[in-house]
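**Student:** What the sequence shown shows, in the working numbering, is residues 1 to 196, in sequence order.
For every residue, glycine included, the Cβ atom is placed at its ideal position computed from N, Cα and C.
To start, I am sharing the structure in question, which I have written as structure tokens.
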Amino acid sequence: METKILWIFSNLGDAALLLPLALVCALWLRSVDMRLAIRWAVLLTAGMGLVGLSKILYAGCGLEVPAIEFRMISGHTMLAASIYTVAAGLLAGGLGRAWYLLGAAAGLVLAALIGASRILQDAHTPAEVVAGWLLGGLIAFLLLRHVFAVPRKMPRALVAGLGLLAVSSIAYGHHAPFQRMIEHYSWWLCRGLGLS
């Protein structure tokens, strides 16, 4: 039973589920202000770039910080902390500006549970999960403070919520191949750059 619960939470943090949810959030933000959708895309891409770089440097070049057992930023946790926090913040923001903080907090709690599942599955160390959670939380904060900097009620929250639910139903349980690609190609990249 414990393994099943860990698997459920771990799947909630997979890029195959979260990236489509991020796209739904971007489309929803676009309906409010195109600049918010662009900001979301840039912030999330930067976060994924940092996660990817940390994974390449470890898998291909062997770089790590043994003193704190840090090899790479947890991608599951970073994506969960950014995307669930933004999605829940936007959904709760549909009730009014004051509610978005409650939604964002719920997203961060879910991301912490996903991160804990990654630790219990020995996929990441606590330092790697904390790094992912902080990075994802920062991304969400940098977006949500702009979304709700002016009093606004997120439009069409019910439609967006149904879109998020539909995408989640289809994408849950699938696995993005990013980790396999990083493990396969990073050695060649590091070798080509003279880092290994």
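1. Which of helix, strand or coil does DSSP assign to F148?
2. Let's see if you can read the secondary structure: which residues bound the alpha helix (DSSP H) around L29?
3. Sorted by chain position, which residues of the same chain lie with C-beta nearer than 6 Å to L110's C-beta, five sequence neighbours on each side aside?
4. Would you mind stating whether G107 and A140 have Cβ atoms separated by less than 8 Å?
5. Could you give the distance in angstroms between the alpha-carbon of H76 and the alpha-carbon of S10?
6. Any idea if W133 is buried or exposed, counting beta-carbon neighbours within 10 angstroms, 16 or more meaning buried?
7. Within 10 Å of its beta-carbon, does G96 have 16 or more other beta-carbons around it, so buried, or fewer, so exposed?
8. Can you say whether E128 is buried or exposed, counting buried as having 16 or more other CB atoms within 10 angstroms of its CB?
9. Could you check whether the stretch 50-63 touches the stretch 110-124, counting it as contact only if at least three pairs of C-beta atoms, one from each stretch, sit closer than 8 Å?
10. Spatial neighbours of L18 within its chain, please: C-beta separation below 7 Å, excluding the five flanking residues on both sides.
11. Report buried or exposed for I182, applying the criterion of at least 16 other Cβ atoms within 10 angstroms of its Cβ.
**Tutor:** Reading it off the structure:
1. coil
2. 15-32
3. Y84
4. yes
5. 7 Å
6. buried
7. exposed
8. Taking every protein chain shown into account, the CB of E128 has 16 or more other CB atoms within 10 angstroms, so this residue is buried.
9. no
10. L79, A80, I83
11. buried
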